[in-house]
Amino acid sequence: MIIRRAFFYWRFIAIFVLPAWPFVGWGLFGESGWSLFGLFIAMPILAIALAAIAFLISARASVRTTRLVSWTDVGLLALWHLTIICFGSFSSGVALWAVLGVVAGLAAFWGVIAQLISETTRRARETMAEFERMAAAAPGTVPGSSIPPAQRFEPGPIDGGEFIVIEEKKPDERR
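All the letters of the sequence shown, read from the start, carry residue numbers 8 to 182 under this note's numbering.
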């Protein structure tokens, strides 16, 4: 549970930390200026992708109520974040880490979408089952009410009393 809670908070911190890491890592490992220029294009895209995944995870009610991500989220995020860290740490094999990072990011996106759809579908079915249960209750009874049907106030027909009818005539109509 500690790991799931840590990832609950880490996913928002990662939006800022992980896109900054390749700049630091590539600066330490001595990459060329042109390579760093490519990072200025790629890292904002990475930050947007990290934010999208983080907010899609937050869209699930179970995550908001328990403040825990699922084990699937932990696995997908750990794999994706590891590829980002490796991408910023090694000057050789950068293309491989970039491709693995994109694949892991897509896997994380579709995994989170699948969980969101699954949970939303389950909650909708539970809600519809409750509505059907309430509709199947005997007429004249209110589920959860302790007042017998004979003692409840039932409004009768509304008597409008006296009313006035105004008839309109069109200008070309004559009586």
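Don't be surprised by glycine CBs; every beta carbon is placed ideally from N, CA and C.
Residue environment, residue i, which counts as buried when at least 16 other CB atoms sit within 10 Å
i	result
Asp-80	buried
Arg-132	exposed
Arg-130	exposed
Inter-residue CB distance, residue i and residue j (contact presumed, cutoff 8 Å)
i	j	result
Ala-61	Leu-86	The pair is not a contact, with the Cβ atoms about 16 Å apart (cut-off 8 Å).
Leu-84	Arg-18	6 Å
Three-way DSSP call (helix, strand, coil) for residue i in this model
i	result
Ser-77	coil
Pro-51	helix
Arg-12	helix
Gly-34	helix
Val-106	helix
Ile-165	coil
Gly-100	coil
Ile-120	helix
Within-9 Å CB hit, residue i to chain D
i	result
Glu-169	Judged by its chain identifiers, the structure shown contains no chain D, having just a single protein chain.
Pair within 9 Å by beta-carbon distance, residue i and residue j
i	j	result
Arg-71	Leu-123	no
Leu-57	Leu-25	yes
Ala-27	Met-8	no
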